[in-house]
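Have a look at the structure below before the remarks.
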Amino acid sequence: MDSPIIPTRRATRGDRIMQGLAALQRDVELGRNETLKRQRRAVLRGMRAGIWADGQGLTIDEVVQGLRAELFGWPLRMLPVHDDDDELCQSDGE
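Counted from 1, the sequence shown has number 50 at position 50 by UniProt numbering; the numbering is strictly sequential.
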(Lines of atoms letter the chains of each structure in order from A; the text may use other names.)
(Lines give C-alpha, C1' and ligand atoms only; values in the text may rest on other atoms or scores of the structure.)
Protein backbone atom coordinates (compact mmCIF):
# COMPACT_ATOMS: atom_id res chain seq x y z
CA MET A 1 0.00 0.00 0.00
CA ASP A 2 1.41 3.35 -1.03
CA SER A 3 1.48 6.14 1.48
CA PRO A 4 -0.22 9.34 0.35
CA ILE A 5 1.96 12.20 -0.77
CA ILE A 6 1.32 15.19 1.40
CA PRO A 7 2.50 18.47 -0.07
CA THR A 8 4.43 20.52 2.42
CA ARG A 9 5.95 23.93 2.28
CA ARG A 10 9.35 24.79 3.55
CA ALA A 11 9.33 26.50 6.93
CA THR A 12 10.04 30.19 6.57
CA ARG A 13 12.47 32.11 8.73
CA GLY A 14 9.47 33.51 10.64
CA ASP A 15 8.12 29.98 11.18
CA ARG A 16 11.45 28.84 12.60
CA ILE A 17 11.67 31.87 14.88
CA MET A 18 8.13 31.21 16.14
CA GLN A 19 9.08 27.58 16.83
CA GLY A 20 12.07 28.80 18.81
CA LEU A 21 9.86 31.20 20.78
CA ALA A 22 7.44 28.34 21.53
CA ALA A 23 10.34 26.31 22.91
CA LEU A 24 11.38 29.28 25.04
CA GLN A 25 7.78 29.61 26.27
CA ARG A 26 7.88 26.02 27.49
CA ASP A 27 11.11 26.76 29.36
CA VAL A 28 9.60 29.89 30.91
CA GLU A 29 6.59 27.94 32.18
CA LEU A 30 8.89 25.49 33.98
CA GLY A 31 10.22 28.29 36.18
CA ARG A 32 9.02 28.70 39.76
CA ASN A 33 9.37 32.46 40.19
CA GLU A 34 6.06 34.02 39.10
CA THR A 35 7.52 37.52 38.75
CA LEU A 36 10.22 36.29 36.37
CA LYS A 37 7.68 34.23 34.45
CA ARG A 38 5.48 37.32 33.90
CA GLN A 39 8.47 39.36 32.71
CA ARG A 40 9.67 36.64 30.38
CA ARG A 41 6.17 36.11 28.97
CA ALA A 42 6.00 39.84 28.23
CA VAL A 43 9.31 39.68 26.36
CA LEU A 44 8.08 36.74 24.30
CA ARG A 45 4.78 38.52 23.51
CA GLY A 46 6.74 41.53 22.32
CA MET A 47 8.92 39.39 20.09
CA ARG A 48 5.88 37.65 18.61
CA ALA A 49 4.19 41.00 17.98
CA GLY A 50 7.31 42.31 16.25
CA ILE A 51 7.50 39.29 13.98
CA TRP A 52 3.79 39.59 13.19
CA ALA A 53 4.08 43.31 12.42
CA ASP A 54 7.04 42.70 10.14
CA GLY A 55 5.10 40.06 8.22
CA GLN A 56 2.08 42.35 7.79
CA GLY A 57 4.04 45.04 5.99
CA LEU A 58 2.99 47.71 8.47
CA THR A 59 4.67 51.10 8.36
CA ILE A 60 6.90 52.14 11.25
CA ASP A 61 4.23 54.66 12.32
CA GLU A 62 1.57 51.93 12.41
CA VAL A 63 3.82 49.69 14.49
CA VAL A 64 4.58 52.51 16.94
CA GLN A 65 0.87 53.38 17.21
CA GLY A 66 0.07 49.76 17.96
CA LEU A 67 2.78 49.57 20.61
CA ARG A 68 1.55 52.76 22.28
CA ALA A 69 -1.99 51.39 22.31
CA GLU A 70 -0.79 48.14 23.87
CA LEU A 71 1.64 49.63 26.40
CA PHE A 72 -0.29 52.68 27.55
CA GLY A 73 -3.90 51.81 26.70
CA TRP A 74 -4.09 54.65 24.18
CA PRO A 75 -6.72 54.45 21.44
CA LEU A 76 -5.48 52.98 18.20
CA ARG A 77 -5.82 55.60 15.46
CA MET A 78 -7.27 54.29 12.26
CA LEU A 79 -6.03 57.19 10.12
CA PRO A 80 -2.43 57.58 9.02
CA VAL A 81 -0.26 59.65 11.35
CA HIS A 82 0.33 62.33 8.68
CA ASP A 83 -3.10 62.68 7.11
CA ASP A 84 -3.33 65.28 4.32
CA ASP A 85 -7.02 65.86 5.11
CA ASP A 86 -6.09 67.46 8.45
CA GLU A 87 -4.39 70.35 6.66
CA LEU A 88 -7.38 70.83 4.35
CA CYS A 89 -9.82 70.93 7.26
CA GLN A 90 -7.72 73.53 9.07
CA SER A 91 -7.45 75.79 6.01
CA ASP A 92 -11.25 75.64 5.42
CA GLY A 93 -11.95 77.21 8.79
CA GLU A 94 -9.67 80.22 8.25
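No residue lacks a Cβ here, since even glycine has one placed at the ideal position from N, Cα and C.
Since the structure is predicted, the reported quantities are computational estimates derived from the model, not experimental observations.
- Of all alpha-carbon atoms in G57, L24, I60 and G73, the one lying nearest the alpha-carbon of V43 is that of L24.
- The DSSP-derived three-state label of R32 is coil.
- Counting only unbroken stretches of 4 or more residues, the alpha helix (DSSP H) elements lying wholly within the region 19-70 are 34-56, in sequence order.
- In the structure shown, G14 adopts helical secondary structure according to DSSP, grouped into three states.
- Ranked by Cα distance from M18, the first of L58, A49 and F72 is A49.
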